[in-house]
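Its first residue numbered 8, the sequence shown is counted upward by one per residue in the working numbering. Built from N, CA and C at the ideal position, the CB exists for glycine as well. Bear in mind that the values here come from a model prediction, so they are computed numbers and not experimental data.
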Amino acid sequence: MANKGNGYIWLDGRFIRWEDAKVHLLTHSLQYGSGIFEGIRCYSTARGPAIFRLHEHITRFMESMKIYCVPVKATQRQIEQATIQIIRKNKMPDAYIRPFAFYNGVGIGFSTAGLGASVSIMAVRFGNLFQGHQNGLRCKTSTWHRINSGILPAGAKASGNYPNSILASKEAKDAGYDEAILMSDSGMVAEGPGENIFIVKDDVLVTPPRSANILMGITRDSIIRIAQSSGVRVEERDIRKEELYTSDEVFFSGTAAEITPITSVDSRSVGGAKPGPITLSLAAKYSSIAHGESKEFGGWLTYV
Ligand SMILES: Cc1ncc(COP(=O)(O)O)c(C=O)c1O
């Protein structure tokens, strides 16, 4: 996923050039994974670029920083405004936006006492994470369990959580699959490495609850609301691993993945081994809302 960007990056209240965004190798967050980040999409619409659920993403960003006591001076409003400005400044029709906060102190030792923090906002052009797999992913349940909040704050979008995702994803790909599905520490289905997961069984849409130590995805929330407003019954409950094999439909949701169908799990085909009707209908509705083509949920877009 090497994305070469250009243009400008917002750093602590000013714009710097892409190539000038450099830190020392001993920067705390680089050494110890103490960074906090977000992933937000800006979609092209007939009224120009629009950022999807900006306020909710920056709320999660602020909460993740609070959990880690990252001493940023910028307010939520300033960060939201800066997110809009980076799209304007770079004149981008659409983008994947990456706010990133980090302890900028340099030295040995993981204590954060006395360290300052910086906030940056980057934007790149980026297609779907699973480009070329829109007909369905072949997934493998991982031997790596999803972290739990007794070990690391699973609800924070913190860099230090992601070696868990990296290992699971690598294991699946090395075994010839497209992506991993992680179980919670109690053996129930949790999520993908960077995506929430849904199953459909007998026309009911089911997704794991907060207690499965998932990241509370903003796309997940959007899908739940779109489904409910379309009359689809939604349940947030524990999902057993074997339910993945016997579901009618399975899909991932996430900012980078959007809605990506899963058509086999552990070499068992799911449903008809092709994207199912509820998945396709939710994906179409999500896309039309994100591109400003739907009147419903219009408040989710912040026009740049
Ligand atoms: C571990 C994890 N789960 C789920 C998600 C999906 O969250 P969202 O829909 O807010 O992008 C992400 C991506 O941010 C993630 O990294």
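Q. Are A163 and S260 touching if we call contact CB-CB under 7 Å?
A. Residue mapping note: residue 163 aligns to position 156 of the sequence shown, counting from 1. Residue mapping note: residue 260 aligns to position 253 of the sequence shown, counting from 1. Taking 7 Å as the Cβ cut-off, A163 and S260 do not qualify as a contacting pair.
Q: Could you tell me the boundaries of the beta strand (DSSP E) in which A130 lies?
A: Walking along the sequence shown from the start, residue 130 turns up at place 123. From DSSP, the beta strand (DSSP E) with A130 extends over A124 to V131.
**Q.** Nearest neighbour of G199, chosen from V272, L308, G306 and R54 [CA to CA]
**A.** As a working note, residue 199 is residue 192 in the sequence shown. Minimum Cα distance to G199 is reached at V272.
Q: Counting only the same chain and skipping the five closest in sequence on each side, list residues whose C-beta sits under 6 Å from that of G278.
A: As a working note, residue 278 is residue 271 in the sequence shown. These residues qualify, in order along the chain: D255 and E256.
Q) Excluding sequence positions up to five away, which residues of its chain have a Cβ less than 6 Å from the Cβ of I65? A) Mapped onto the sequence shown, residue 65 falls at position 58. Cβ neighbours of I65 beyond the five flanking positions: Q83, I86 and E87.
Q: State the Cα-Cα distance for the pair G139 and G114, rounded to the nearest angstrom.
A: Taking the first residue of the sequence shown as position 1, residue 139 is located at position 132. Taking the first residue of the sequence shown as position 1, residue 114 is located at position 107. The alpha-carbon atoms of G139 and G114 are separated by roughly 43 Å.
Q: Could you please give the first and the last residue of the uninterrupted beta strand (DSSP E) stretch that includes S149?
A: The sequence position of residue 149 within the sequence shown is 142, counting from 1. Element bounds for S149: n/a, residue is neither H nor E.
Q) Just curious, the beta strand (DSSP E) that F258 is in, first and last residue? A) As a working note, residue 258 is residue 251 in the sequence shown. It spans E256 to G261 - the beta strand (DSSP E) in which F258 sits, taken as one unbroken run.
Q. Does the distance from the CB of T286 to the CB of F304 come in under 7 Å?
A. On the sequence shown, residue 286 is found 279 positions in, with the first residue counted as 1. On the sequence shown, residue 304 is found 297 positions in, with the first residue counted as 1. Not closer than 7 Å, so no.
Q. For the beta strand (DSSP E) that contains Y310, what are its first and last residues?
A. Numbered from its first residue, the sequence shown carries residue 310 at position 303. Y310 -> beta strand (DSSP E) spans L308 to Y310.
Q) Using 8 Å as the threshold, is the segment 37-50 in touch with the segment 96-114, meaning 3 or more CB pairs across them? A) yes
Q.
Going by DSSP, what residue range makes up the beta strand (DSSP E) through Y110?
A. Looking up residue 110 in the sequence shown gives position 103. Counting along the chain, the beta strand (DSSP E) containing Y110 begins and ends at A102 to Y110.
Q | Sheet register partners of L33 (DSSP bridge) | A | As a first step, residue 33 is located in the sequence shown; it is residue number 26 there, counting from the start. None, per the DSSP bridge assignment.
Q: Indicate whether the contact test is met: 3 or more Cβ pairs, each with one atom in the segment 146-158 and one in the segment 189-198, closer than 8 Å.
A: yes
**Q.** Outcome for N13 when other beta-carbon atoms lying within 10 angstroms are tallied against a minimum of 16
**A.** The residue given as residue 13 occupies position 6 in the sequence shown. Exposed: under 16 other Cβ atoms inside 10 Å.
Q: Quick one: grab the DSSP three-state call for R84.
A: As a working mapping, residue 84 is identified with position 77 in the sequence shown. It is helical.
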